[in-house]
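S.K.: This note's numbering runs 166 ahead of the 1-based position in the sequence shown. Virtual Cβ for every residue (Gly too), placed ideally from N, Cα, C. Before I ask anything, let me first share the structure, which is written out below as structure tokens.
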Amino acid sequence: MGPVMGGAPWLPTDIAGCAFFLSGDIDGLSDTDPMGTWPDSEDAHDATQATESKKFIFYTNQMNGHPGIFRDNTDDEMRIAAFTLNQPFTLLAVVKLDINTTPNHRIIVAGANTILFDVISTYIRLYAGASLLSSSQPIVHLQIYAIEAYFNGASSVGYVNNVQAVAGDAGTNNITEYVDLGVTGNPYWQEPMLGHYGEIFGMNGALAGAERTAYYSYLSSRYGI
167 MGPVMGGAPW LPTDIAGCAF FLSGDIDGLS DTDPMGTWPD SEDAHDATQA TESKKFIFYT
227 NQMNGHPGIF RDNTDDEMRI AAFTLNQPFT LLAVVKLDIN TTPNHRIIVA GANTILFDVI
287 STYIRLYAGA SLLSSSQPIV HLQIYAIEAY FNGASSVGYV NNVQAVAGDA GTNNITEYVD
347 LGVTGNPYWQ EPMLGHYGEI FGMNGALAGA ERTAYYSYLS SRYGI
């Protein structure tokens, strides 16, 4: 359990600017069930997949005793239907990469490569139309990470477990189309993530102040990071 506010457990949906929150705690699913829908707890921006062979797999105990949403195949993909999130905005994903041999793990892609948020080899990258912001912050497979991207033009910042890993100009593109979780294709920079998602969060503006403290306290309690 994370921090408690007013007698109730704190959740990321308590953040004023929350735009969507895909939690690993999903009612009605059992271990190894395929997922047709990953429900949004904030504003009905559900991630969906109708094709059985492309569905993610729900596991009950993969992320420090909590559920993990496993992308287990090269063509697995879930998509959030088109919506708008204008800069500045924040994306945060809790992930555990299962292998470190693929050159790239695309965590979130919005539109036709308009927004890119990924891990390549052992560092994170952010892209929003200008240049790829890359960091040498080490990412080790089979460990759980909170990877955060704040998109704000020339003042964009990437964090790994609440430690700044990269900063600079990622570009000014906004989210105006679909959001993909898991993308396949070639060349190498279109390789999909292989591993588990714990949760995915998006918000208007920056995660800052007391809300940032509360979120990372929650993440520490839940995932041990």
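Look at Ala296 and Gly337 and say whether their C-beta atoms are less than 7 Å apart.
M.R.: For the purposes of this step, residue 296 is taken as residue 130 along the sequence shown, with counting starting at 1. For the purposes of this step, residue 337 is taken as residue 171 along the sequence shown, with counting starting at 1. Yes.
S.K.: Could you tell me the alpha carbon to alpha carbon distance between Tyr289 and Ser207, rounded to whole angstroms?
M.R.: The residue you call residue 289 lines up with position 123 of the sequence shown. The residue you call residue 207 lines up with position 41 of the sequence shown. Taking the straight line joining both Cα atoms gives about 30 Å.
S.K.: When DSSP labels each residue in this structure, what does Ala278 get in the three-state scheme?
M.R.: In the sequence shown, residue 278 corresponds to position 112, counting from 1. Here Ala278 sits in coil by DSSP.
S.K.: Going along the chain, which unbroken runs of the alpha helix (DSSP H) with 4 or more residues stay wholly within the segment 291 to 371?
M.R.: For the segment 291 to 371, not a single whole alpha helix (DSSP H) run of length 4 or above is found.
S.K.: Please name the residue or residues paired with Lys262 in a DSSP beta bridge.
M.R.: Taking the first residue of the sequence shown as position 1, residue 262 is located at position 96. In the DSSP output, where bridge partners are listed per residue, Lys262 has Ile310, His362.
S.K.: Counting C-beta neighbours from all protein chains within 10 Å, is the total for Asp191 16 or more, i.e. buried, or is it exposed?
M.R.: Mapped onto the sequence shown, residue 191 falls at position 25. With fewer than 16 other Cβ atoms within 10 Å, it is exposed.
S.K.: Let's see if you can read the secondary structure: which residues bound the alpha helix (DSSP H) around Gly375?
M.R.: For the purposes of this step, residue 375 is taken as the residue at position 209 of the sequence shown. Unbroken alpha helix (DSSP H) run through Gly375: 375 to 389.
S.K.: Less than 7 Å between the beta carbons of Phe187 and Pro178, yes or no?
M.R.: As a working mapping, residue 187 is identified with position 21 in the sequence shown. As a working mapping, residue 178 is identified with position 12 in the sequence shown. Going by C-beta atoms, Phe187 is nearer than 7 Å to Pro178.
S.K.: As a quick exercise: from Ile223, Ile274, Thr226, Asp264, pick the residue whose alpha carbon is nearest that of Arg245.
M.R.: As a first step, residue 245 is located in the sequence shown; it is residue number 79 there, counting from the start. Among Ile223, Ile274, Thr226, Asp264, the Cα nearest to that of Arg245 is on Ile274.
S.K.: Quick check on DSSP: helix, strand or coil for Ile203?
M.R.: Stepping through the sequence shown from its first residue, residue 203 is reached at position 37. A small fix is needed here, since residue 203 is Thr in this sequence, not Ile. Three-state DSSP puts Thr203 in a strand.
S.K.: Taking the beta strand (DSSP E) that Ala185 falls in, what are its first and last residues?
M.R.: As a working note, residue 185 is residue 19 in the sequence shown. It spans 184 to 189 - the beta strand (DSSP E) in which Ala185 sits, taken as one unbroken run.
S.K.: Would you list the residues sitting across from His232 in a DSSP beta bridge?
M.R.: One-based indexing of the sequence shown puts residue 232 at position 66. DSSP, once it has assigned bridges, lists Met229 as partnering His232.
S.K.: Do Ala210 and Trp204 have their CB atoms nearer than 7 Å?
M.R.: Here residue 210 refers to the residue found at position 44 of the sequence shown. Here residue 204 refers to the residue found at position 38 of the sequence shown. Going by C-beta atoms, Ala210 is not nearer than 7 Å to Trp204.
S.K.: At the level of alpha carbons, what is the spacing between Leu347 and Arg272?
M.R.: As a working mapping, residue 347 is identified with position 181 in the sequence shown. As a working mapping, residue 272 is identified with position 106 in the sequence shown. Each residue's Cα considered, the two are about 8 Å apart.
S.K.: Less than 7 Å between the C-beta atoms of Glu365 and Ser189, yes or no?
M.R.: Here residue 365 is taken as the residue at index 199 of the sequence shown, counted from 1. Here residue 189 is taken as the residue at index 23 of the sequence shown, counted from 1. Closer than 7 Å, so yes.
S.K.: Under the DSSP definition of a beta bridge, which residues are partnered with Asp284?
M.R.: In the sequence shown, counting from the first residue as 1, residue 284 sits at position 118. According to DSSP, which records beta bridges pairwise, Asp284 is partnered with Arg272, Arg291.
S.K.: Check whether the Cβ atoms of Asp238 and Ile223 lie closer than 7 Å to each other.
M.R.: Numbered from its first residue, the sequence shown carries residue 238 at position 72. Numbered from its first residue, the sequence shown carries residue 223 at position 57. Taking 7 Å as the Cβ cut-off, Asp238 and Ile223 qualify as a contacting pair.
S.K.: Could you check what DSSP says for Pro178 in three-state terms: helix, strand or coil?
M.R.: In the sequence shown, residue 178 corresponds to position 12, counting from 1. Correct three-state label for Pro178: helix.
S.K.: Output yes or no for whether 7 Å exceeds the beta carbon distance between Val323 and Ile305.
M.R.: By 1-based counting over the sequence shown, the position of residue 323 is 157. By 1-based counting over the sequence shown, the position of residue 305 is 139. No, Cβ-Cβ distance for Val323 and Ile305 is not below 7 Å.
S.K.: Applying the 10 Å Cβ sphere with the 16-neighbour rule, what's the burial state of Gly368?
M.R.: For the purposes of this step, residue 368 is taken as residue 202 along the sequence shown, with counting starting at 1. Its Cβ being crowded by 16 or more others within 10 Å, Gly368 is buried.
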